[in-house]
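Participant:
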Amino acid sequence: MATTVVIGTQWGDEGKGKIVDLLTGHADVIVRFQGGNNAGHTLVVEGKKFVFHLIPSGILYNDKLCAIGNGVVLDPAVLLEEMEELENNGMTITPDRLRISLNTHLIMPYHRAMDHAREAAKAKGKKIGTTGRGIGPCYEDKIVRNGIKIADLLDPQLFRDKLEENLQYKNFLFRELYGTDTIDVEEVYGQYQQYAEKLAPFATNVSIIIDEARKADKNILFEGAQGTQLDIDHGTYPFVTSSNTIAGGACSGSGIGPSKIDCTLGICKAYTTRVGEGPFPTELFDEVGDQIQKQGVEFGATTGRKRRCGWLDGVVLQDAVRLNGLDGLVVTKLDVMSGLKNLKICTAYDVNGKTFNYMPANIRDAQAAKPVYRDIDGWDQDITGATSIDELPVQARDYLKAMEEIAGVPISIVSVGPGREQTMLLNNPFEK
Ligand code: GDP
Ligand code: IMO
Ligand code: MG
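Letter by letter, the sequence shown follows residues 20 to 451 in our numbering.
1) If you follow the beta strand (DSSP E) that residue 333 is part of, which residue opens it and which one closes it?
2) If you count every other CB in all the chains shown that lies within 10 Å of the CB of residue 62, and 16 or more means buried, which is it?
3) When every heavy atom of the ligand IMO is checked, does at least one fall within less than 8 Å of the C-beta of residue 150?
4) Bridge partners for residue 222 per DSSP, in chain order?
5) Count Cβ pairs between the segment 119–126 and the segment 84–94 that sit closer than 8 Å; are there 3 or more?
6) May I ask you to report which of helix, strand or coil DSSP gives residue 124?
7) DSSP beta-bridge partners for residue 443?
8) Excluding five sequence neighbours on each side, which residues of the same chain lie with their C-beta closer than 8 Å to the C-beta of residue 202?
9) Roughly how many angstroms lie between the CA atoms of residue 393 and residue 225, to the nearest whole one?
10) Starting from residue 285, follow its DSSP beta bridges and name the residues at the other end.
11) Relative to the ligand IMO, is the shortest distance from any of its heavy atoms to the C-beta of residue 239 smaller than 8 Å?
12) Anyone know if the C-beta pair for residue 283 and residue 23 falls short of 9 Å?
13) Report yes if the C-beta distance between residue 35 and residue 244 is below 9 Å; otherwise report no.
14) What are the residues that DSSP puts in a beta bridge with residue 361?
15) Going by the C-beta, is residue 249 closer than 8 Å to any heavy atom of the ligand IMO?
16) Look up residue 453 in the DSSP assignment and say whether it is helix, strand or coil.
17) For residue 106, which residues of its own chain have a beta-carbon under 8 Å away from its beta-carbon, when the five flanking residues on both sides are left out?
18) Determine the direct distance from the alpha carbon of residue 368 to that of residue 375, and round the result to whole angstroms.
19) Taking residue 46 as the reference, which of 67, 421, 84, 29 has the closest Cα?
20) Given a threshold of 16 other Cβ atoms within 10 Å of its Cβ, counted over all protein chains shown, does residue 415 qualify as buried or as exposed?
21) Report the option in 331, 307, 277, 411 whose CA atom is closest to the CA atom of residue 230.
22) Based on the DSSP secondary-structure assignment, which residues constitute the bridge partners of residue 438?
23) List in chain order: all unbroken beta strand (DSSP E) runs of 3+ residues lying wholly within the segment 79–149.
24) Find the nearest neighbour of residue 171 within the set 333, 212, 103, 337, judged by alpha-carbon distance.
25) Taking the alpha carbon of residue 407 as the point to measure from, which residue in 386, 250, 441, 259 has its own alpha carbon closest?
26) What residues match up with residue 368 in a beta bridge as DSSP calls it?
27) Determine whether the beta carbon atoms of residue 319 and residue 155 lie at a separation below 9 Å.
28) Between residue 417 and residue 167, what straight-line distance do the alpha-carbon atoms span, to the nearest angstrom?
29) Just curious, the alpha helix (DSSP H) that residue 191 is in, first and last residue?
30) Residue 446: which of 354, 435, 429 sits nearest, CA to CA?
31) Between the beta-carbon of residue 251 and the beta-carbon of residue 264, is there less than 9 Å?
32) Could you compute how far the alpha carbon of residue 261 sits from the alpha carbon of residue 73?
33) Which value, in whole angstroms, describes the spacing of the CA atoms of residue 389 and residue 180?
Put into structure tokens, the structure is as follows:
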């Protein structure tokens, strides 16, 4: 029995979906614990591509249980759409395969509307560049104790009371502050009662499910969304998402105690990307950045936006090792570096003459951070078919060594292509 948490070390899109799918082969239960359908996790299995926003990336295995924890914010329409898409691919999603916490908060139409209205009202330079999925407003309601949980949805009277109370306030803001359309109680009530009927069989106490699985000697895999620098507390605030994306979030977001986590793996792309606004010290604005963007096919899996690209940031990596207590690294997209002549890895920041070895807390300092680079030789060979470290060119091996040296933790997995099989599993966290 082992429990493993997989999280992103950068600004999201590190390849969590692919790695979770791979590790699911060795796990029994796969749990999402934060974020919502702002996530876009891509899996490529036997040449077929799947993108999951809400359903855990373990769902393609029919003998595993996927769970959505209390820390997730859930848009029922999106969940039902994903279930339908899986059905269209011949996979029936029954409660044997998917469970949802009764404590999971629901994304409501007014959360999405608020997300859009707020972003539209913000001046240039102040916009976050959110995914527009209602994530921030939903977490905000949860924190001020106005949120609606699945348990509330399943109690029609409680649901109606909460909905009416929320809409009274929200519609005032839409009408008086933002000048946007108001939302009708009856329409939402009717729509969500339909969702309630469909979701009821899946709703349960996920903390107990995890506990029982642990006691039955099962392997449990926790699937992070977003990345460490998007964490609400430790990221580049306010250009972050509204949840704890770090490994600690797996405990609060699913109902497992910290002493019961055995291994934490951090996924790191061989370079860096970011979607949306906010500081990005190693961002490239030249043809090298364009080359990485093209070779890495760096477009957002949720919004389709072009991702900003830059060199690997060792400062961000070291922050991630510390904040998540990483036991091992997963390096993805090493293949994308092939053909780039002179590679660079950022080892520190210069902020107005002062050296930083961590992301500055002051956002203006973070925005002013200039990377201090270490140069490293590139390689030309195509490595997408490599099945062991020995098959990699010496420069690629040196690059991996440099990453290990900077992180101070060993590399557990190396990924050289989007396919499930294009992966070198050096150290299986479930075989300790
Ligand atoms: P996630 O949000 O962390 O799950 O990552 P995304 O799915 O948003 O973005 C990662 C993208 O890179 C997806 O299109 C993956 O199919 C792809 N990918 C993952 N690992 C590799 C790899 O090692 N090499 C290449 N070329 N693509 C990869
Ligand atoms: P995965 O799980 C990359 C970014 C958005 C925006 C900020 C806040 O696929 O790695 P939000 O809608 O969450 O309020 O937006 O966070 N963001 C992501 N960037 N990958 C993600 O998820 C992201 N989820 C949110 O672009 O900058
Ligand atoms: Mg993604």
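Glycine included, C-beta positions come from ideal geometry on N, C-alpha and C. Everything numeric in this text was worked out from a predicted model, so none of it was measured.
Facilitator: Looking at the coordinates:
1) Counting from one through the sequence shown, the residue named residue 333 turns up at place 314. Premise fails: residue 333 lies in the alpha helix (DSSP H), 333–343, not in any beta strand (DSSP E).
2) Locating residue 62 in the sequence shown gives position 43, counting from the first residue. Buried: at least 16 other Cβ atoms inside 10 Å.
3) Locating residue 150 in the sequence shown gives position 131, counting from the first residue. It does: the Cβ of residue 150 is within 8 Å (strictly closer) of some heavy atom of the ligand IMO.
4) On the sequence shown, residue 222 is found 203 positions in, with the first residue counted as 1. The partner list for residue 222 (beta bridge, DSSP) reads 119.
5) yes
6) If you number the sequence shown from 1, residue 124 lands on position 105. Three-state DSSP puts residue 124 in a strand.
7) Stepping through the sequence shown from its first residue, residue 443 is reached at position 424. Looking at the DSSP assignment, residue 443 forms a beta bridge with 433.
8) Sequence index remark: in the sequence shown, residue 202 carries index 183 (1-based). Around residue 202: 128, 129, 132, 186, 189, 190, 193.
9) In the sequence shown, counting from the first residue as 1, residue 393 sits at position 374. In the sequence shown, counting from the first residue as 1, residue 225 sits at position 206. Distance between the alpha carbons of residue 393 and residue 225: 46 Å.
10) Along the sequence shown, one-based indexing puts residue 285 at 266. Paired residues: 26, 348.
11) In the sequence shown, counting from the first residue as 1, residue 239 sits at position 220. Flag unset: Cβ of residue 239 not near the ligand IMO.
12) If you number the sequence shown from 1, residue 283 lands on position 264. If you number the sequence shown from 1, residue 23 lands on position 4. In contact: residue 283 and residue 23 (Cβ atoms closer than 9 Å).
13) Locating residue 35 in the sequence shown gives position 16, counting from the first residue. Locating residue 244 in the sequence shown gives position 225, counting from the first residue. Cβ atoms of residue 35 and residue 244: closer than 9 Å.
14) As a position in the sequence shown, residue 361 is number 342, starting the count at 1. Answer by DSSP bridge pairing, in chain order: 396.
15) As a working note, residue 249 is residue 230 in the sequence shown. Result yes, Cβ under 8 Å from the ligand IMO.
16) The structure shown does not extend to residue 453, since the chain is modelled only from 20 through 451, so no value can be given for it.
17) Here residue 106 is taken as the residue at index 87 of the sequence shown, counted from 1. Once the five neighbours on either side are set aside, the close Cβ partners of residue 106 are 112.
18) In the sequence shown, counting from the first residue as 1, residue 375 sits at position 356. In the sequence shown, counting from the first residue as 1, residue 368 sits at position 349. Residue 375 and residue 368: Cα-Cα distance of roughly 5 Å.
19) For the purposes of this step, residue 46 is identified with residue 27 of the sequence shown, where counting begins at 1. Residue 46 has its Cα closest to that of 84, out of 67, 421, 84, 29.
20) Within the sequence shown, numbered from 1, the residue matching residue 415 stands at position 396. With 16 or more Cβ atoms within 10 Å of its Cβ, residue 415 is classed as buried.
21) Locating residue 230 in the sequence shown gives position 211, where the first residue counts as 1. Considering only alpha carbons, the answer is 277.
22) Taking the first residue of the sequence shown as 1, we reach residue 438 at position 419. Residue 438 pairs with 63.
23) 84–87, 117–120
24) Working through the sequence shown from its first residue, we reach residue 171 at position 152. Checked all of 333, 212, 103, 337; the closest Cα to residue 171 is 212.
25) Within the sequence shown, the letter at position 388 stands for residue 407. Considering only alpha carbons, the answer is 441.
26) Against the sequence shown, residue 368 aligns to sequence position 349. Bridge partners of residue 368: 375, 390.
27) Within the sequence shown, residue 319 is the residue found at index 300, counting from 1. Within the sequence shown, residue 155 is the residue found at index 136, counting from 1. Not closer than 9 Å, so no.
28) Working through the sequence shown from its first residue, we reach residue 417 at position 398. Working through the sequence shown from its first residue, we reach residue 167 at position 148. The alpha-carbon atoms of residue 417 and residue 167 are separated by roughly 51 Å.
29) Sequence index remark: in the sequence shown, residue 191 carries index 172 (1-based). Element bounds for residue 191: 175–191.
30) One-based indexing of the sequence shown puts residue 446 at position 427. Checking every option, the nearest Cα to that of residue 446 belongs to 429.
31) Position 232 of the sequence shown, counted from the start, is the residue given in the question as residue 251. Position 245 of the sequence shown, counted from the start, is the residue given in the question as residue 264. A contact, by the Cβ cut-off of 9 Å.
32) Here residue 261 is taken as the residue at index 242 of the sequence shown, counted from 1. Here residue 73 is taken as the residue at index 54 of the sequence shown, counted from 1. Residue 261 and residue 73: Cα-Cα distance of roughly 16 Å.
33) The residue labelled residue 389 in the question sits at position 370 within the sequence shown. The residue labelled residue 180 in the question sits at position 161 within the sequence shown. Cα to Cα, residue 389 sits roughly 52 Å from residue 180.
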